[in-house]
Each structure stands twice: as structure tokens, then as C-alpha cells.
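Structure first, then comments.
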Amino acid sequence: MRPNDTKGDNMTDTKNAVRKAKSLLYGCLHTENEKAVAEMLRTMHDDDIKEVVKKDTIIKLFSSMQVCALGGKHIQKKNDMHRISQNARTLARLVIKASEHLPMVSLNKLLCKDNFDLVVNSTLSLSHNSVTVANKMGHLLGHCIMIKNGYSVRRNSNEMAEETRLFKVLFDAEWKYRVNAPMTRQKTVRDMNKDKCKFTMMP
9 MRPNDTKGDN
19 MTDTKNAVRK
29 AKSLLYGCLH
39 TENEKAVAEM
49 LRTMHDDDIK
59 EVVKKDTIIK
69 LFSSMQVCAL
79 GGKHIQKKND
89 MHRISQNART
99 LARLVIKASE
109 HLPMVSLNKL
119 LCKDNFDLVV
129 NSTLSLSHNS
139 VTVANKMGHL
149 LGHCIMIKNG
159 YSVRRNSNEM
169 AEETRLFKVL
179 FDAEWKYRVN
189 APMTRQKTVR
199 DMNKDKCKFT
209 MMP
């Protein structure tokens, strides 16, 4: 056997060992994630929204990271788990709204450049002129972008990483102008009109 052949075999063995180690590590992490999500799901009402949460990889990963961030149960606050479940439900509502235009879509699939406009329009539709809902959705999506980016690394998926990168470019460039700013402006105008009505009705 030539020296180069031996070197090539060693490289292959090393790559296989690294791949196996990553697989085992990801398997352990997956188990811990599932435990965290199961704990959160127990606090959630049984409905269509919960079913979406149970099936959506990115929503579950985000929820599990939030549960992990709480630390031990002895330092958790009473409403911590409820807050996490509400965040998951908010994201699930976005998936449900987007699925009206793109059936069987997941949050993973929504977080790509081709579906950015759909995410914007779905958020505006869900907000019902509420700047609070719009801002919350933007905040949650910012976290989910990071979650998907980490997920792409663990899966060794360059394609997924590129999807996330391009979505983030659009998100950073356009979200506040297309969602946050107009919703805030609408609220300001509504508040001004309410004040005018009160002033007009004064004796």
C-alpha cells in the first residue's frame, strides 16, 4: 500500500469518527429537547395550534431553548412556562396563517428568502392593527432565525444555512419598515383620533 493511500484511509476514518460523534451528541441533545418541549406542551390547551407546535421542528427547538434558559424548577417563576407556551402558540399561528397560501408549510420553510413576503403579510394579517402583536412576532422571528442557523450547523446543512442567511438579510433590511413602523404609525393616528373625539364630545 502506498503512503498516500494510508493517509487517505486515516482521513476517512477520522471524518467518520467525527460524524459518528456529532450524531451521538445530536441524539442526546434531541432527547433533552424533547423532554423540555413535552414539559411545555403539558401546559398548553389541546387544539389545532398545539398540533402545529408538536410537529414544527424550529418552534420546538426554540421552545426547548427557552425552557433550558429557565434553569432548575426551584428558580422558575410561576408564569415562566405559560409565557414560553404562548410564544410557541404565536409562532404556530403564523404557520397556520401562512399555510392558507402555502399548504403544509413549516416555520423552517418560511424562514427562507422566497417566503419572506408571505411572513410579512401573514404577520400583518394576524396583528389586526396591534403594534404589540407585530413587535412580538418580529422579536420571536429574530430568535428563530438564530435557532435555524444553529440547527443548520448541527445538521451540517449548507443549504439550510444559506436559506437562513438570506432570510436574515431581508429581515434586517425590511422588517422594521414594512411591519414595525407602519403598525406604530397606525396606533399613533388612532390614539390621536380618540383624543380628538374626546375633545369634541366635551361640553
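For the sequence shown, our numbering assigns the number 9 to the initial residue and increments by one for each residue that follows.
Where a beta carbon is used, it is the ideal one built from N, C-alpha and C, also for glycine.
8 Å CB neighbourhood of residue i in its chain, flanking five on each side removed
i: residue 177; result: 121
i: residue 70; result: 95, 96, 99, 148, 151, 152, 155
i: residue 51; result: 89, 90, 93
i: residue 103; result: 60, 64, 67, 113, 114, 115, 118
i: residue 191; result: 132, 135, 137, 138, 139, 142, 143
i: residue 184; result: 146
i: residue 86; result: none
i: residue 49; result: 58, 61, 62, 93
i: residue 84; result: 78
DSSP three-state assignment for residue i, whether helix, strand or coil
i: residue 61; result: helix
i: residue 158; result: helix
i: residue 69; result: helix
i: residue 150; result: helix
i: residue 87; result: coil
i: residue 113; result: coil
i: residue 52; result: coil
i: residue 108; result: coil
i: residue 129; result: helix
i: residue 36; result: Low local confidence applies: a pLDDT of 41 at residue 36 is under 50, so the model's placement there is unreliable, with the coordinate-based value given in what follows. Three-state DSSP puts residue 36 in a helix.
i: residue 137; result: coil
i: residue 4; result: Only positions 9 to 211 of the chain appear in this structure, which leaves residue 4 out of reach.
i: residue 163; result: coil
i: residue 99; result: helix
Cβ neighbours of residue i in the same chain (closer than 7 Å, five flanking residues each side left out)
i: residue 107; result: 113
i: residue 33; result: With a pLDDT of only 40 at residue 33, under the threshold of 50, the placement of this residue in the model should not be trusted, and no figure is reported.
i: residue 141; result: 134, 135
Reference residue i, options the options, closest by Cα
i: residue 53; options: 93, 109, 87, 85; result: 93
i: residue 171; options: 184, 157, 180, 181; result: 157
i: residue 126; options: 87, 175, 139, 86; result: 175
i: residue 128; options: 193, 49, 189; result: 189
i: residue 124; options: 186, 82, 55; result: 186
Cut-off 6 Å between Cβ atoms - residues of its own chain near residue i, not counting five sequence neighbours on either side
i: residue 68; result: 45
i: residue 169; result: 160
i: residue 41; result: 72
i: residue 80; result: none
Three-pair Cβ contact test at 8 Å for the stretch 94-106 versus the stretch 61-69: yes
Segment contact, 8 Å Cβ cut-off, at least three pairs: the stretch 142-149 with the stretch 158-166: no
Stretch-stretch touch, CB-based, cutoff 8 Å, three pairs: the stretch 69-76 with the stretch 40-55: yes
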